[in-house]
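Novice:
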Amino acid sequence: MADSFSTPELLSAQQASQSATQAAGDAAANAFKMPDLLRQAVSERFKESPLTGQFGTAAQQFLTAIPQKRTELANLAQTGQAVLSPNQQQSILAGTRAANLVPLISLNDLLQSQFGAGSDLVNAGTGAYNAYATGLQNRATGARQNYEDVLAQLVAQQEAKQQEAQMELDWFKARKEGSGSGVGSSLADILALLNPQGATQASAGEGPQFSPQTGPGTGYEDDNGILWQYQADGTWKQVG
Amino acid sequence: MATFDQSYAETGRQSELDALRAQPGAYEQAKAAWESGGGTSGGQSPEQMAQSIIDAMMAPYKAAFDRAKQFEKDNPFFFDEMLARSSSEERYDPYYEAELKDFVSGIERRRSASVQDERRVLQELTSQTDDYLGRTKRQLDQAVKASEEGFAGAGLFFSGDRLRKTGEMGVEAGAQQRTFLRGQQYSGDTAQIAKERSLADLMATEATGRRQQTATRETALQTDVEQQKKEEKARYELERQQFIGYPLSGGSQSFTDMASFL
Numbered sequence: 001m002a003d004s005f006s007t008p009e010l011l012s013a014q015q016a017s018q019s020a021t022q023a024a025g026d027a028a029a030n031a032f033k034m035p036d037l038l039r040q041a042v043s044e045r046f047k048e049s050p051l052t053g054q055f056g057t058a059a060q061q062f063l064t065a066i067p068q069k070r071t072e073l074a075n076l077a078q079t080g081q082a083v084l085s086p087n088q089q090q091s092i093l094a095g096t097r098a099a100n101l102v103p104l105i106s107l108n109d110l111l112q113s114q115f116g117a118g119s120d121l122v123n124a125g126t127g128a129y130n131a132y133a134t135g136l137q138n139r140a141t142g143a144r145q146n147y148e149d150v151l152a153q154l155v156a157q158q159e160a161k162q163q164e165a166q167m168e169l170d171w172f173k174a175r176k177e178g179s180g181s182g183v184g185s186s187l188a189d190i191l192a193l194l195n196p197q198g199a200t201q202a203s204a205g206e207g208p209q210f211s212p213q214t215g216p217g218t219g220y221e222d223d224n225g226i227l228w229q230y231q232a233d234g235t236w237k238q239v240g
Numbered sequence: 241m242a243t244f245d246q247s248y249a250e251t252g253r254q255s256e257l258d259a260l261r262a263q264p265g266a267y268e269q270a271k272a273a274w275e276s277g278g279g280t281s282g283g284q285s286p287e288q289m290a291q292s293i294i295d296a297m298m299a300p301y302k303a304a305f306d307r308a309k310q311f312e313k314d315n316p317f318f319f320d321e322m323l324a325r326s327s328s329e330e331r332y333d334p335y336y337e338a339e340l341k342d343f344v345s346g347i348e349r350r351r352s353a354s355v356q357d358e359r360r361v362l363q364e365l366t367s368q369t370d371d372y373l374g375r376t377k378r379q380l381d382q383a384v385k386a387s388e389e390g391f392a393g394a395g396l397f398f399s400g401d402r403l404r405k406t407g408e409m410g411v412e413a414g415a416q417q418r419t420f421l422r423g424q425q426y427s428g429d430t431a432q433i434a435k436e437r438s439l440a441d442l443m444a445t446e447a448t449g450r451r452q453q454t455a456t457r458e459t460a461l462q463t464d465v466e467q468q469k470k471e472e473k474a475r476y477e478l479e480r481q482q483f484i485g486y487p488l489s490g491g492s493q494s495f496t497d498m499a500s501f502l
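Residue numbers (the numbering used here), protein chains in the order written: chain V, 1 to 240; chain Z, 241 to 502.
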């Protein structure tokens, strides 16, 4: 019976189902570490951003501008150009600080957008991967369903063949028992009916000498009560 | 069910398929992965999947990064401090010049008044001295004459008493003159000292005023230059934000932040 289900179509469907299930399982297993992998990928891509360097330059400028201005103000007093009060000096320094703060705030806004986007990208990427994993799961389900359909079809075909063979066998048995004279009820007669040109009488221990129209899987009980099954290679195999 | 090749053709990835075919074994490996249920992405490791997903989504960010680089390359920030200072001086100096003129005028007025006051005192003292000297000389002459007449009437004109008396009267008058003149000298000196002190004070006041005004002006100029620099930087940053645009900029927050500096 096992050989009857070894059709290329069923084997292919079985293999596809197993592979798809494996792929879906792998995808589901990888889903939990995908956010970390995406975060890492985003982090690597953000290294290409010039904004961090530009912010660093602006920060450096901000930090050096104030001491530099203090030195300039001290020089003003030392050279007698102007002697500024502490409040006046603080007023100028506040202006310097404010001027150099502008690029920092601007670049900080851009960097905030960038890093805020990082979180969005990871979330979106996780969603995309989950959709991919769901797709694989659906595909695995489909492949499994396809395999089951092919299998069910084969089973149905096999059952139909068996029923047909059984009916054929029953018909011949009934005919043999009903005739009484033995004419047409012998195996040779049956064989002659099934295969008028090539039928020969089966000898004891040998399988039937005809090829049933119902194809492989067809069952047959000979005069000795031995059960035979017709094989795909055209031979009969004793099954009982 | 689509074949491996069809799956590439249907998703517009024919070039990827051609590339796979060009690499020995790659096509077979990818096909086996596809047939194993992983689709055309099935040959990738989770790490490669993550990279592929992020690569696809990072495209607009990468473009924004390129624009950020391009902006600084094409538009390096430049601020002409000399020009800004000239602009500040042009606007601020008329005020400070007027202020200084008013201040110096007041000093000059007070200086002139001090000199005039001293001169008037000295003139008065000179006049008083002249009057006093004339008066005392006349009084002395009269006293000497009266004394001589008295001695003459007594027949003692040629006596030694008359000569002594006359001499005493001259000595007394001389002593009174010296006392007077000393007082006048003191008053004159006092007026002169007062004038010199006043002039010295005015000079100090002027120096202090000039120094303070220079400091005030310098503060105003430098603060204005820094303000101009801040505004220029805000404009520059606004341009940067606009140039970089989506998806890093273009939000109202960035523009509001920058505009608040203008």
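Just so it is clear, CB atoms sit at the ideal spot from N, CA and C, and this is done for glycine as well.
Between V:Tyr129 and chain Z, is there a C-beta pair that is closer than 8 Å?
Specialist: Yes, contact with chain Z.
Novice: Which of the residues in the segment 99 to 122 of chain V, read from start to end, lie with their CB under 7 Å from any CB of chain Z?
Specialist: Result list: Ala99, Val102, Pro103, Ile105, Ser106, Asp109, Leu110, Ser113, Gln114, Ala117 and Leu121.
Novice: Using a cut-off of 7 Å between C-beta atoms, extract the partners of V:Leu82 located in chain Z.
Specialist: One point to set straight first is that residue 82 of chain V is Ala, not Leu, in the sequence displayed. Ordered by position in chain Z, the residues that pass the 7 Å Cβ test against V:Ala82 are Thr454, Ala455 and Glu458.
Novice: Does any CB atom of chain V fall closer than 8 Å to the CB of Z:Lys302?
Specialist: Interface residue, yes.
Novice: Mind reading off the beta-carbon distance from V:Gln162 to V:Gly215? Whole number of angstroms is fine, and I expect it under 8 Å.
Specialist: Not really, about 11 Å apart at Cβ, beyond 8 Å.
Novice: In the DSSP assignment, find the alpha helix (DSSP H) that holds Z:Tyr486 and state where it starts and stops.
Specialist: Per DSSP, Z:Tyr486 belongs to no alpha helix (DSSP H) and is neither H nor E.
Novice: Could you tell me the distance, in whole angstroms, from the CA atom of V:Ile92 to the CA atom of V:Phe55?
Specialist: Spanning the two alpha carbons is a distance of roughly 24 Å.
Novice: Run down chain Z in chain order and give the residues with a C-beta less than 9 Å from the C-beta of V:Arg70.
Specialist: Those within 9 Å of V:Arg70 in chain Z number zero; the least Cβ separation is about 12 Å.
Novice: Could you give the DSSP three-state label for V:Leu63: helix, strand or coil?
Specialist: Helix.
Novice: Can you check DSSP and say which residues form a bridge with V:Leu227?
Specialist: In DSSP, V:Leu227 forms a bridge with V:Glu221.
Novice: When the Cα of V:Ser12 is compared with those of V:Thr64, V:Arg144 and V:Ala41, which residue comes out closest?
Specialist: Checked all of V:Thr64, V:Arg144 and V:Ala41; the closest Cα to V:Ser12 is V:Arg144.
Novice: If you count every other CB in all the chains shown that lies within 10 Å of the CB of V:Ser19, and 16 or more means buried, which is it?
Specialist: So V:Ser19 counts as buried.
Novice: Report the neighbours of V:Gly56 on chain Z: residues whose CB is nearer than 7 Å to its CB, in chain order.
Specialist: By Cβ distance, chain Z contributes nothing, its closest Cβ being about 13 Å from V:Gly56, past 7 Å.
Novice: Within this structure, are the beta carbons of Z:Ala308 and V:Pro50 separated by less than 8 Å?
Specialist: Yes, Cβ-Cβ distance for Z:Ala308 and V:Pro50 is below 8 Å.
Novice: Apply the 10 Å Cβ neighbour rule to V:Ser34 and answer buried if 16 or more other Cβ atoms are within range, or exposed otherwise.
Specialist: Residue identity check: residue 34 of chain V is Met in the sequence provided, not Ser. Buried, by the Cβ-count rule.
Novice: With which residues is V:Gln238 paired in a DSSP beta bridge?
Specialist: In the DSSP output, where bridge partners are listed per residue, V:Gln238 has V:Trp228.
Novice: In angstroms, rounded to a whole number, what distance separates the CA positions of Z:Ser500 and Z:Glu466?
Specialist: Approximately 16 Å, taken between the alpha carbons.
Novice: Would a check of beta-carbon distances place Z:Gln291 closer than 8 Å to chain V?
Specialist: Closer than 8 Å to some Cβ of chain V, the Cβ of Z:Gln291 qualifies, so yes.
Novice: Which same chain residues, not among the five before or five after V:Thr21, have their C-beta less than 8 Å away from its C-beta?
Specialist: Result list for V:Thr21: Ala140, Ala143 and Arg144, in chain order.
Novice: State the Cα-Cα distance for the pair V:Ser106 and V:Thr52, rounded to the nearest angstrom.
Specialist: Their backbone Cα atoms lie some 12 Å apart in a straight line.
Novice: Show which residues of chain Z have a CB atom less than 7 Å away from the CB atom of V:Lys33.
Specialist: Those are Pro286, listed as they occur along chain Z.
Novice: Just checking: is the beta-carbon of V:Ala124 within a distance shorter than 8 Å of some beta-carbon in chain Z?
Specialist: By this cut-off, V:Ala124 is an interface position.
Novice: Answer yes or no: do Z:Ala455 and V:Gln88 have a C-beta to C-beta separation smaller than 8 Å?
Specialist: Yes, Cβ-Cβ distance for Z:Ala455 and V:Gln88 is below 8 Å.
Novice: Buried or exposed: Z:Gln311, going by 16 or more other Cβ atoms within 10 Å of its Cβ?
Specialist: The sequence shown places Phe at residue 311 of chain Z, rather than the Gln named in the question. Buried, because 16 or more other Cβ atoms sit within 10 Å of the Cβ of Z:Phe311.
Novice: Taking 8 Å as the threshold (C-beta atoms), are V:Ala24 and V:Leu136 in contact?
Specialist: In contact: V:Leu136 and V:Ala24 (Cβ atoms closer than 8 Å).
Novice: Does DSSP put Z:Ala556 in a helix, in a strand, or in coil?
Specialist: Residue 556 of chain Z lies beyond the range of chain Z shown here (241 to 502); nothing can be said about it.
Novice: Within a Cβ cutoff of 6 Å, which residues of the same chain sit near Z:Val478, ignoring the five residues on either side of it in sequence?
Specialist: According to the sequence shown, residue 478 of chain Z is Leu rather than Val. For Z:Leu478, where only same-chain residues beyond five positions count, the Cβ hits under 6 Å are Met498.
Novice: Under the rule that 16 or more other beta-carbon atoms within 10 Å means buried, what is Z:Asp306, buried or exposed?
Specialist: So Z:Asp306 ends up on the exposed side.
Novice: Helix, strand or coil: which one does DSSP assign to Z:Ser342?
Specialist: Note on residue identity: the sequence assigns Asp, not Ser, to residue 342 of chain Z. Residue state, collapsed to three classes: helix.
Novice: Are any of the Cβ atoms in chain Z nearer than 8 Å to that of V:Thr242?
Specialist: Outside the shown range of chain V, which is 1 to 240, sits residue 242 of chain V, and nothing can be said about it.
Novice: Report the rounded CA-to-CA distance for Z:Ser387 versus Z:Arg359, giving the unit in angstroms.
Specialist: Using only the alpha carbons, I get a separation of about 41 Å.
Novice: Kindly indicate the opening and closing residues of the alpha helix (DSSP H) around V:Ala27.
Specialist: V:Ala27 -> alpha helix (DSSP H) spans Pro8 to Ala31.
Novice: Whole angstroms is fine: what's the gap from Z:Gly423's alpha carbon to Z:Asp371's?
Specialist: If you take the alpha carbons of Z:Gly423 and Z:Asp371, they lie about 14 Å apart.
Novice: Please name the residues in the segment 466 to 487 of chain Z whose beta-carbon is closer than 7 Å to at least one beta-carbon of chain V, in chain order.
Specialist: Here the close residues are Glu466, Gln467, Lys469, Lys470, Lys473, Ala474, Glu477, Arg480, Gln481, Ile484 and Pro487.
Novice: Please decide whether Z:Gln187 counts as near chain V, where near means a Cβ-Cβ distance under 8 Å.
Specialist: Within the shown structure, residues of chain Z are numbered from 241 to 502, placing residue 187 of chain Z beyond reach of any answer.
Novice: Strictly below 9 Å CB to CB, what residues from chain V border Z:Phe343?
Specialist: Ordered by position in chain V, no residue passes the 9 Å Cβ test against Z:Phe343, which lies about 17 Å from the chain.
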